[in-house]
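Numbering (our numbering), first residue to last: 241 to 388.
Written as structure tokens, this is what we have:
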């Protein structure tokens, strides 16, 4: 079940960027991520409509999380209103809600520094920081208002 969530989240975020040409510049970052870098979810109840509680990964910065949630919103909007094309294939996107739960997660290597939570990074041992191979540049998470 957890693997299904990771695949759905990752694929829907990539799909959101593919569907909107001005968001395609974000594909390089998404393609660098592992599917396991997506936040985890727990279900509140069985049966429709399911609401999944987001389990945040400690390594993710708030800016990174906000960007991912924005891609989720764009995907949901594209799924609901496809505008001139067939609907996005598959089931309706899952409803997700932040509940304040966190887990360590698996931080992918080689991301720009603003993808990682600075406090989390500062608490790593020096050899762990080196192994992370953090890029000392910031990623532009910007999404223009007309894309929302």
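Positions of the beta carbon are idealized from the N, C-alpha and C atoms, including for glycine.
{"Query": "Whole-angstrom distance between residue 385 and residue 315, CA atom to CA atom", "Result": "15 Å"}
{"Query": "Residue 300, enclosing alpha helix (DSSP H) - first and last residue", "Result": "Where residue 300 is concerned, there is no enclosing alpha helix (DSSP H), given that its DSSP letter is neither H nor E."}
{"Query": "Exposure label - residue 346; buried when at least 16 CB within 10 Å", "Result": "exposed"}
{"Query": "Residue environment, residue 357, which counts as buried when at least 16 other CB atoms sit within 10 Å", "Result": "buried"}
{"Query": "Buried or exposed by the 16-neighbour rule on C-beta atoms within 10 Å, applied to residue 265", "Result": "exposed"}
{"Query": "Span of the alpha helix (DSSP H) around residue 373", "Result": "Taken as a continuous stretch (DSSP letters only), residue 373 belongs to no alpha helix (DSSP H), as it is neither H nor E."}
{"Query": "Which residues DSSP lists as bridging residue 356, in chain order", "Result": "300"}
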